[in-house]
Structure formats: C-alpha cells, structure tokens
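*Asks:* First the structure, which I've put down as structure tokens, then a few questions once you've had a look.
Rendered as structure tokens:
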C-alpha cells in the first residue's frame, strides 16, 4: 500500500548482518531515518562505518536483515524482487565514483542505452538531461575525448534522464580535483533546487557535505547525529 507524504524515504529499526557460513558480520544497527522530498542530504563517516551499505539498502540493491524501508510511501518489504527492481528503476538514479560510461558509445548513447534497459525511449529527455549539466554540445563525443569532470557530468545526466524522485551519489567527487569537485557540487545543488529531486550523497569530505541541507554522521553502523 502506498502512502504519500512529504517524506520520500523512511526507515525504521533498519539493521543489516552479512553472513558467510557460520560467520556473521553485523554492519548496521537500528537505523531510523527520514529523507524529505527535495532534500539534499550528505551521509558522512569513516571507512567501514556502514554508509555505503546503507545507501545500497536505501537504493533497493540490498535487503535489510530486519526493519523496514518505505520509498515514496511504499513498504518495500512487501515487494518481490521484480517489483523492487521496477520501483528502483522508476524512482532512483545512481551516481558512482567510477562513472561506468561505455567507452565506445557517445555521451548521448550512454544515456540512451541505460534508458532502454529501463524500458524507456526518452530521446527528448536525454538531450534535456545533457543540457541540464551543460553537456548538450558534447552529446556526440565519446568518454575518451572528455575531461574527468565532463565524464562525471554525463554520469549525472544519465542519472536524471528518467526524472527520478531520488538521486543516490556514492563519493561522486572522489576522483575529481577540487575545482571540478566544486563545479559538480554546484551542479547537484542546481538540479536539487530546479528539479526538486531528493539527493543523498555519501562522502568523506566535510567540504562536500557542507553543500547539503543536512549532514548525517555515522560511526560503527549507527547514526551518531543528524
């Protein structure tokens, strides 16, 4: 059952334990979290604190061991894997530290193939997404002819082309120098404000985190403060 509120993501008592034979490794403990529609949130913490695992659960790429997560009002515990995949494709865009662009395809084709995998043919929106990240003039260039910062912009355009409700960005400035990192963070803020997309960013950088509306700090699998 879907329940529309101003909360796009809500978790209650979310926990995750990885199991390898008899070995159990708990990584998240009783995470209670709310992300509002149109909010820009940074999640910070040291390596191994569980922030990337949390992002994968929020992005419906992992199931929690216990607890619940609601995405756009839907209790994802009630969904089978096919339904979870459909909801993920519809509602979420992902941006990773590694841009994952196919080298033999142009910027436009990299976005188009991702949309075809989703079952969409969004030719107009593809060019709109490239224009939104100031890359329309580079639409027919391949990744090898683009700078690192430009490649990241194409990856962002790919994430927003289907107009998701949420973007999840895992260390999106980790491979960039400070000048390009600043430009990407400014772009995130612009997309967040102009398109009303909620943005969840995993980062080690306090400078990057300070661009967000709210900073969530994690340690040892728990939220320390918000």
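Numbering (my numbering), first residue to last: 304 to 529. The beta carbon of each residue, even a glycine, is placed where N, CA and C say it ideally should be. From a predicted model like this one, the values you see are computed outputs, not experimental measurements.
(1) Measuring alpha carbon to alpha carbon, tell me which residue in 508, 327 and 341 is nearest residue 493.
(2) Please confirm if the stretch 393-412 is in contact with the stretch 449-461, defined as three or more CB-CB distances below 8 angstroms between the two stretches.
(3) What residues in its chain sit with their C-beta under 8 angstroms from that of residue 365, if we drop five residues either side in the sequence?
(4) The beta strand (DSSP E) with residue 345 in it runs from where to where?
(5) Taking the DSSP output, what are the residues bridged to residue 527?
(6) What is the DSSP secondary structure of residue 472, reduced to helix, strand or coil?
(7) Contact defined as beta carbons within less than 8 angstroms: I believe residue 338 pairs with residue 312. What is the distance between those atoms, to the nearest angstrom?
(8) Tell me whether residue 357 sits in a helix, a strand or coil according to DSSP, three-state version.
(9) Among 327, 486, 407 and 334, which one has its Cα closest to the Cα of residue 527?
(10) Do you know how far the Cα of residue 453 is from the Cα of residue 438?
(11) Please work out which residues of its chain come closer than 8 angstroms, Cβ to Cβ, to residue 444, disregarding the five sequence neighbours upstream and downstream, and give them in chain order.
(12) If you draw a straight line from the C-alpha of residue 304 to the C-alpha of residue 375, how long is it?
(13) Going by Cα to Cα distance, which pick from 327, 497, 521 and 523 is closest to residue 343?
(14) How close, in whole Å, do the beta carbons of residue 418 and residue 464 come, if the pair is a contact with beta carbons under 8 angstroms?
(15) Give the secondary structure of residue 457 by DSSP, where H, G and I count as helix, E and B as strand, and everything else as coil.
(16) How many Å lie between residue 395 and residue 362 at the Cα?
(17) Once you ignore the five residues that flank residue 508 on each side, which residues in its own chain have a CB closer than 7 angstroms to its CB?
(18) With H, G and I counted as helix, E and B as strand and the rest as coil, what does DSSP make of residue 305?
(19) Just to check my reading of the structure: residue 470 and residue 398 have Cβ atoms closer than 8 angstroms, yes? What is that Cβ distance to the nearest angstrom?
(20) Excluding sequence positions up to five away, which residues of its chain have a Cβ less than 7 angstroms from the Cβ of residue 441?
(21) Output the boundary residues of the beta strand (DSSP E) element that contains residue 323.
*Replies:* Quick answer:
(1) Against the chain shown, residue 493 aligns to sequence position 190. Of the candidates 508, 327 and 341, the residue whose Cα lies closest to the Cα of residue 493 is 341.
(2) In short, these stretches touch, since the Cβ pair count reaches three.
(3) In the chain shown, counting from the first residue as 1, residue 365 sits at position 62. If we look at residue 365 and ignore the five residues flanking it on each side, its Cβ neighbours are 319, 356 and 359.
(4) By one-based count along the chain shown, residue 345 stands at place 42. Segment 343-347, the beta strand (DSSP E) holding residue 345.
(5) In the chain shown, the residue the question calls residue 527 occupies position 224. Among the bridge pairs identified by DSSP, residue 527 is matched with none.
(6) Indexing the chain shown from 1 puts residue 472 at position 169. Strand.
(7) Along the chain shown, one-based indexing puts residue 338 at 35. Along the chain shown, one-based indexing puts residue 312 at 9. So it is a contact: roughly 4 angstroms between Cβ atoms.
(8) Position 54 of the chain shown holds residue 357. Helix.
(9) To locate residue 527, count along the chain shown from 1; it is residue 224. Of the candidates 327, 486, 407 and 334, the residue whose Cα lies closest to the Cα of residue 527 is 334.
(10) Within the chain shown, numbered from 1, the residue matching residue 438 stands at position 135. Within the chain shown, numbered from 1, the residue matching residue 453 stands at position 150. In this structure, the alpha-carbon of residue 438 lies about 8 angstroms from that of residue 453.
(11) Reading the chain shown from its first residue, position 141 is the one you call residue 444. For residue 444, where only same-chain residues beyond five positions count, the Cβ hits under 8 angstroms are 409 and 410.
(12) Taking the chain shown and counting its residues from 1, one reaches residue 304 at position 1. Taking the chain shown and counting its residues from 1, one reaches residue 375 at position 72. Its pLDDT being 45, under 50, residue 304 is placed unreliably in this model, and the value from its coordinates should be taken loosely. Residue 375 has its alpha-carbon roughly 11 angstroms from the corresponding atom of residue 304.
(13) Taking the chain shown and counting its residues from 1, one reaches residue 343 at position 40. Among 327, 497, 521 and 523, the Cα nearest to that of residue 343 is on 497.
(14) Residue numbering aside, residue 418 sits at position 115 when the chain shown is read from its first letter. Residue numbering aside, residue 464 sits at position 161 when the chain shown is read from its first letter. With a Cβ gap of about 6 angstroms, residue 418 and residue 464 count as contacting.
(15) Here residue 457 refers to the residue found at position 154 when the chain shown is read from its first residue. It is helical.
(16) Within the chain shown, the letter at position 92 stands for residue 395. Within the chain shown, the letter at position 59 stands for residue 362. Computed Cα separation, rounded: 7 angstroms.
(17) The residue labelled residue 508 in the question sits at position 205 within the chain shown. Taken in chain order, the residues that qualify are 476.
(18) Residue numbering aside, residue 305 sits at position 2 when the chain shown is read from its first letter. Caution applies to residue 305, whose pLDDT of 49 falls short of 50 and renders its modelled position unreliable; the value that the coordinates give is listed next. Strand at residue 305.
(19) One-based indexing of the chain shown puts residue 470 at position 167. One-based indexing of the chain shown puts residue 398 at position 95. Rounded to the nearest angstrom, the Cβ distance from residue 470 to residue 398 is 6 angstroms, consistent with a contact under 8 angstroms.
(20) Your numbering for residue 441 matches position 138 in the chain shown. Around residue 441: 410, 449 and 453.
(21) For the purposes of this step, residue 323 is taken as residue 20 along the chain shown, with counting starting at 1. Secondary structure note for residue 323: its beta strand (DSSP E) is the uninterrupted segment 310-323.
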